[in-house]
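Visitor: In full-length UniProt numbering, the protein residues as written are 1 to 623.
The structure follows.
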């Protein structure tokens with residue numbers, strides 16, 4: 001610290017901005033100590049003499065205003081004017097160089113001289129106002145300021161004054177106004193006094209004193225410190241002297257994703273473990289604790305699918321499954337509890353066929369036709385412009401009959417499936433739209449325990465591209481799991497420790513392909529994929545005196561009739577497929593293929609990312 005001048009922490013922090021960070025400061029005077037508690041509410045309250053502090057961030061926390069009488073708090077709204085300094089300037093150059101804002105932006109400004117001024121044959125009396133219009137830099141000559149002098153009877157003149165001209169000069173109040181944000185963003189303005197443009201608010205001059213929240217790391221400390229700049233300690237800037245000091249740099253998982261590929265694999269230390277109430281219920285999560293070491297093998301983007309079990313007496317379960325899952329599935333018929341649900345499904349899968357699973361009695365005054373158990377319906381098109389109805393074909397004894405079902409009609413329907421094919425997870429997106437009911441018929445043999453194999457029915461809710469970090473514990477480096485970086489909050493630091501295997505014998509990795517998640521994750525996923533689709537239509541009010549008779553069914557041949565245009569008042573067919581992705585990229589299932597030459601499960605997302613997102617918005621829905 002030899003030759004360096006110590007400054008109060010408040011003064012030094014106020015002179016910094018985020019563009020000049022990081023800065024290394026050393027506590028050089030006194031100890032700030034508050035009771036026996038080292039840290040309160042996440043804010044550091046104690047520093048010792050000699051401590052090194054690496055400032056990595058500054059954020060305005062609060063603002064105080066001082067007046068001539070006492071400390072006060074005012075409403076910092078409106079505009080402010082700079083109060084002229086009472087101390088005189090000795091030269092024109094000093095006055096110009098100490099303007100509170102840049103010279104070009106502050107021109108013109110006005111000043112007066114305490115004594116008379118003589119320029120050749122021109123003499124200007126004391127107290128006369130001069131307005132500096134510009135600074136003239138002449139090659140080979142001394143720079144001058146071009147000034148305007150207002151004389152009597154509207155006469156005026158221009159004079160040139162050398163910057164080195166000596167005298168006793170006082171600045172006049174400028175008409176330029178500043179907002180509070182402009183004042184706080186300029187170190188020169190922060191050191192000046194101000195008054196309200198509207199003097200009815202407050203008449204006395206004000207000096208603003210910003211209080212910043214400082215984010216810093218310390219030598220031998222592994223977490224980010226947060227403390228106010230108002231701590232009463234003196235510090236000195238030792239950035240140039242401490243370039244070789246090794247400060248631990250905490251990284252979030254998002255920061256890890258931004259690291260170059262050459263940084264992996266690496267051994268990292270956990271500084272802040274994930275939150276207790278996590279979105280995940282996987283077995284490896286409870287084992288991650290502070291000071292625990294992990295091996296980060298690689299980073300990338302993995303194609304994932306969100307799968308849920310059906311609601312039953314047991315708690316519903318949710319899983320995030322890699323599309324590299326090698327088990328086989330069969331489709332399961334979906335159940336629908338209203339005509340509207342059938343309609344929504346038919347929008348994504350034209351030609352949808354359903355079977356009536358519960359008898360519906362006819363309600364003539366409301367236009368609800370009778371349906372019997374076992375009747376099969378195929379959605380043809382919806383009704384005309386006057387009624388929110390859907391047209392369906394009913395197949396009875398090899399005959400077809402057209403009926404109109406209102407979208408608000410309640411009922412019980414089961415999807416008719418003639419397909420008995422076995423599918424891979426990524427194959428569903430080639431032929432079907434999500435969501436989709438399935439069942440695992442052959443487990444993934446690469447997994448020690450396949451949690452999906454024991455369910456009678458599963459629902460594929462949606463697909464996404466998820467930024468992942470492939471990790472393992474040092475004691476089991478070959479047993480890997482994927483950490484969803486966007487959904488898990490934890491802090492780590494890269495270490496220089498060697499990897500837990502010989503340099504020439506990397507382990508063969510086995511990656512868990514199924515992650516159990518909580519219902520909170522599921523609802524958050526649904527919320528981020530919510531569309532602007534209109535809600536289901538409301539049933540008409542029952543009015544027996546004015547109700548219209550139901551439309552009579554028409555016998556048709558097996559070929560069926562011509563389709564009609566969808567009426568304007570029916571549920572929209574385009575908006576229902578739109579959604580807004582956030583944090584994760586939602587994509588059509590199976591549209592992303594893994595790199596054939598890669599030994600991992602990640603997808604290489606380059607120029608095709610925009611195309612995939614566009615397809616996702618066109619093809620994936622949640623209802």
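We put the beta carbon where it would ideally sit given N, CA and C, even for glycine.
Every value quoted in this text rests on a predicted model; they were computed, and no experiment measured them.
(1) Among the candidates 445, 498 and 16, whose CA atom is the shortest distance from the CA of residue 327?
(2) Take the Cβ of residue 301 as the centre, count every other Cβ of all protein chains shown within 10 Å, and call the residue buried at 16 or more, exposed below.
(3) CA-CA distance, residue 352 and residue 450?
(4) Under the three-state reduction of DSSP, which class applies to residue 423: helix, strand or coil?
(5) Could you pull out every residue in the same chain whose Cβ sits closer than 6 Å to the Cβ of residue 37, ignoring the five residues on either side in sequence?
(6) With distance defined between alpha-carbon atoms, name the residue in 452, 206 and 489 nearest to residue 84.
(7) Residue 380 by DSSP, collapsed to three states: which one?
(8) In the DSSP output, which residue or residues are listed as bridge partners for residue 232?
(9) Check whether the Cβ of residue 183 lies closer than 7 Å to any Cβ atom in chain B.
(10) Compare the beta carbon distance of residue 132 and residue 145 with 7 Å and say whether it is the shorter of the two.
(11) Are residue 211 and residue 230 close, meaning C-beta to C-beta below 7 Å?
(12) Considering just the uninterrupted stretch of the alpha helix (DSSP H) at residue 526, what are its terminal residues?
(13) Can you give me the C-alpha to C-alpha distance between residue 234 and residue 297, rounded to a whole angstrom?
(14) Kindly indicate which residue of 433, 87, 495 and 415 has the alpha-carbon position closest to the one of residue 376.
(15) Ignore the nearest five residues each way along the sequence and tell me which others in residue 455's own chain have a CB closer than 6 Å to its CB.
(16) Would you mind working out which of 471, 514 and 88 sits nearest residue 499, comparing C-alpha positions?
(17) Would you mind working out which of 324, 371, 417 and 61 sits nearest residue 357, comparing C-alpha positions?
(18) Does the ligand FMN have even one heavy atom less than 6 Å from the beta-carbon of residue 156?
(19) Could you give the DSSP three-state label for residue 188: helix, strand or coil?
(20) Taking 8 Å as the cut-off, does the region 54-66 touch the region 277-287 (at least 3 CB pairs, one atom from each stretch)?
(21) Does the separation of the CB atoms of residue 114 and residue 173 fall below 7 Å?
(22) Would the region 501-521 and the region 319-338 be scored as touching if the rule is three or more Cβ pairs under 8 Å?
(23) By the three-class DSSP mapping on this structure, what secondary structure does residue 181 have?
(24) Need the endpoints of the beta strand (DSSP E) that residue 437 sits in, please.
(25) What is the residue span of the beta strand (DSSP E) that residue 95 lies within?
(26) On the three-state DSSP scale, how would you describe residue 430?
(27) Starting from the C-beta of residue 410, find all residues in its chain whose C-beta is less than 6 Å away, skip the five residues before and the five after it, and write them out in chain order.
(28) Report buried or exposed for residue 491, applying the criterion of at least 16 other Cβ atoms within 10 angstroms of its Cβ.
(29) Below 8 Å, can you find three or more Cβ-Cβ pairs linking the region 416-433 to the region 360-369?
(30) Restricting to Cα atoms, I'd like to know which of 19, 189 and 58 is closest to residue 99.
(31) If you run the structure through DSSP and keep just helix, strand and coil, what is residue 323?
(32) Measuring alpha carbon to alpha carbon, tell me which of 25, 18 and 507 ends up nearest residue 236.
(33) Just checking my contact of residue 438 with residue 329 at CB under 8 Å: how many whole Å lie between their CB atoms?
(34) How should residue 197 be labelled, buried or exposed, when 16 other C-beta atoms within 10 angstroms of its C-beta is the threshold for buried?
(35) Alpha carbon to alpha carbon, how far is residue 303 from residue 462?
(36) Considering only the alpha carbon of each residue, which of 306, 48, 503 and 464 lies closest to residue 29?
Guide: Looking at the coordinates:
(1) Position 327 of the chain shown, counted from the first residue, corresponds to residue 327. The option with the nearest alpha carbon to residue 327 is 445.
(2) As a first step, residue 301 is located in the chain shown; it is residue number 301 there, counting from the start. Its Cβ being crowded by 16 or more others within 10 Å, residue 301 is buried.
(3) On the chain shown, residue 352 is found 352 positions in, with the first residue counted as 1. On the chain shown, residue 450 is found 450 positions in, with the first residue counted as 1. Answer to the nearest angstrom: the Cα atoms are 32 Å apart.
(4) Within the chain shown, numbered from 1, the residue matching residue 423 stands at position 423. Strand.
(5) Indexing the chain shown from 1 puts residue 37 at position 37. Low per-residue confidence applies at residue 37: pLDDT is 42, beneath 50, and the placement is therefore not dependable enough to give any value.
(6) Position 84 of the chain shown, counted from the start, is the residue given in the question as residue 84. Looking at the Cα atoms, 206 is the closest of the given residues.
(7) Counting from 1 along the chain shown, the entry for residue 380 is found at position 380. Residue 380 falls in the strand class under three-state DSSP.
(8) Here residue 232 refers to the residue found at position 232 when the chain shown is read from its first residue. Paired residues: none, contrary to the question.
(9) Absent from the structure is chain B; it holds one protein chain and no more.
(10) As a working mapping, residue 132 is identified with position 132 in the chain shown. As a working mapping, residue 145 is identified with position 145 in the chain shown. Contact: yes.
(11) Here the question's residue 211 lines up with position 211 in the chain shown. Here the question's residue 230 lines up with position 230 in the chain shown. In contact: residue 211 and residue 230 (Cβ atoms closer than 7 Å).
(12) If you number the chain shown from 1, residue 526 lands on position 526. Start and end: 519-528.
(13) Translated into positions along the chain shown, residue 234 becomes position 234. Translated into positions along the chain shown, residue 297 becomes position 297. Those two C-alpha atoms are separated by around 44 Å.
(14) Along the chain shown, read from residue 1 onward, the residue named residue 376 stands at position 376. The option with the nearest alpha carbon to residue 376 is 415.
(15) Here residue 455 corresponds to residue number 455 of the chain shown, with the count starting at 1. Answer for residue 455: 309, listed in chain order.
(16) Sequence index remark: in the chain shown, residue 499 carries index 499 (1-based). Comparing Cα positions, the closest option is 471.
(17) As a working mapping, residue 357 is identified with position 357 in the chain shown. Checked all of 324, 371, 417 and 61; the closest Cα to residue 357 is 371.
(18) Ligands in the displayed structure: none, and consequently the ligand FMN is not present.
(19) Taking the chain shown and counting its residues from 1, the one referred to as residue 188 is at position 188. The answer is helix: DSSP assigns residue 188 an H, G or I state.
(20) no
(21) Residue numbering aside, residue 114 sits at position 114 when the chain shown is read from its first letter. Residue numbering aside, residue 173 sits at position 173 when the chain shown is read from its first letter. Their beta carbons are not under 7 Å apart, which means residue 114 does not touch residue 173 by this criterion.
(22) yes
(23) Taking the chain shown and counting its residues from 1, one reaches residue 181 at position 181. Residue 181 falls in the helix class under three-state DSSP.
(24) As a first step, residue 437 is located in the chain shown; it is residue number 437 there, counting from the start. Start and end: 436-442.
(25) Looking up residue 95 in the chain shown gives position 95. Where residue 95 is concerned, there is no enclosing beta strand (DSSP E), although the alpha helix (DSSP H) it sits in stretches over 92-97.
(26) By one-based count along the chain shown, residue 430 stands at place 430. Residue state, collapsed to three classes: helix.
(27) By one-based count along the chain shown, residue 410 stands at place 410. So the list reads 338, once near-sequence residues are dropped.
(28) On the chain shown, residue 491 is found 491 positions in, with the first residue counted as 1. Buried.
(29) no
(30) Reading the chain shown from its first residue, position 99 is the one you call residue 99. Nearest of 19, 189 and 58 to residue 99, Cα basis: 189.
(31) Position 323 of the chain shown, counted from the first residue, corresponds to residue 323. It is coil, neither helix nor strand.
(32) Taking the chain shown and counting its residues from 1, one reaches residue 236 at position 236. Nearest option by C-alpha distance: 25.
(33) The count along the chain shown starts at 1 and reaches residue 438 at position 438. The count along the chain shown starts at 1 and reaches residue 329 at position 329. Between residue 329 and residue 438 the Cβ distance is about 4 Å, and since that is below 8 Å, they are a contact.
(34) Locating residue 197 in the chain shown gives position 197, counting from the first residue. When all chains shown are included, residue 197 counts as exposed.
(35) If you number the chain shown from 1, residue 303 lands on position 303. If you number the chain shown from 1, residue 462 lands on position 462. One C-alpha to the other measures close to 11 Å.
(36) Here residue 29 is taken as the residue at index 29 of the chain shown, counted from 1. Residue 48 is the option with its Cα nearest to residue 29.
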